[in-house]
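Numbering (the UniProt record's numbering), first residue to last: 1 to 296.
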């Protein structure tokens, strides 16, 4: 195991170029940065050598921490049952530090508050707590993020995507697997080719779609909502007090419009307006009223 400590009185940038690695990043109010590199299996010679050959450098002027793992000359990854040489990384950084990283195989996990995050994984799970603007590319695995402050751009080839709250715009897509978003404040485009799509609350324009799977938007408030599926039910909830314009259709199934007529607003009374286009080729379309929970 190697241990490195650097004086970092303010947030830094972390750059990771890794072959096979599991990475844990802990952000806290601190004035230093600590890096620990361990072989994933201390009894495996290849892992020990990979840890020994991992380069850890800190550029004090640029405030950039660089970690590069040993890469075989042939970057082809063997996906057999025999795991390639692997390392474990623990990185402790100041709050709001930025992270940019890439790995062929391995997991990324963060604790605490990070700044901008950009990660790419061939195979692995990305599990983040609180981050700033985020860009994730995951070939096969899960992407789980609790809270995003800024734009979220997340793509997964096959797996599961779950985002808790996005305070900004969202561009989210999955090739095979479910997508679940809690609250998104900015314009959002959320889709899956094969899998269910669910958005609890959309406070601005939203496009939610699936080729094969149900699509649900629990609450829309204002703007334009386009909610579609080629094969699956579609459901949209309209916040109480929002005026809705509807275009609803299904080729095979039923349309359920559960909105009740409301009195016209008083002159000068502010009213949120939402335009809803909801359709499916195969399945039911349901529009219902949901209670107002707050003043967003």
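By construction, the Cβ of each residue, glycine as well, lies at the ideal position given by its N, Cα and C atoms.
- Item | Chain-order list of residues whose beta-carbon lies under 7 Å from that of residue 158 (same chain, five-residue window excluded) | Taken in chain order, the residues that qualify are 140, 175, 176 and 177.
- Task: Return the first residue and the last residue of the alpha helix (DSSP H) that residue 48 is part of.
- Result: The continuous alpha helix (DSSP H) containing residue 48 extends over residues 45 to 52.
- Query: Under 8 Å, do residue 107 and residue 125 count as touching if we go by C-beta distance?
  - Reply: When the beta-carbon positions are compared, residue 107 and residue 125 come within less than 8 Å of each other.
- Message: Please tell me whether residue 6 and residue 32 are closer than 8 Å, where the distance is taken between their beta carbons.
- Response: For residue 6 and residue 32, yes; Cβs fall inside 8 Å.
- Task: Could you check if residue 259 is buried or exposed, using at least 16 other CB atoms within 10 Å of its CB as the buried criterion?
- Result: Counting Cβ neighbours within 10 Å, residue 259 comes out exposed, since fewer than 16 surround it.
- Query: Leaving out five residues before and five after residue 180 in sequence, what residues of the same chain have Cβ atoms less than 6 Å from its Cβ?
  - Reply: Cβ neighbours of residue 180 beyond the five flanking positions: 162 and 198.
- Item | Meets three-Cβ-pair contact criterion under 8 Å: the segment 227 to 236 and the segment 279 to 288 | Of all C-beta pairs linking the segment 227 to 236 to the segment 279 to 288, three or more are shorter than 8 Å, placing the two stretches in contact.
- Query: Are there three or more Cβ pairs, one per stretch, closer than 8 Å when the segment 127 to 135 is compared with the segment 111 to 118?
  - Reply: Yes, the segment 127 to 135 touches the segment 111 to 118.
- Distance, residue 160 Cα to residue 195 Cα: Each residue's Cα considered, the two are about 9 Å apart.
- Query: Taking the C-alpha atoms as reference points, what is the distance between residue 190 and residue 155?
  - Reply: Cα to Cα, the separation comes out at about 10 Å.
- Query: Relative to the C-alpha of residue 27, which residue among 88, 47 and 128 is closest?
  - Reply: For residue 27, the closest of 88, 47 and 128 by C-alpha to C-alpha distance is 128.
- Helix, strand or coil for residue 84, going by three-state DSSP, please let me know. In the three-state scheme derived from DSSP, where H, G and I count as helix and E and B as strand, residue 84 is classed as coil.
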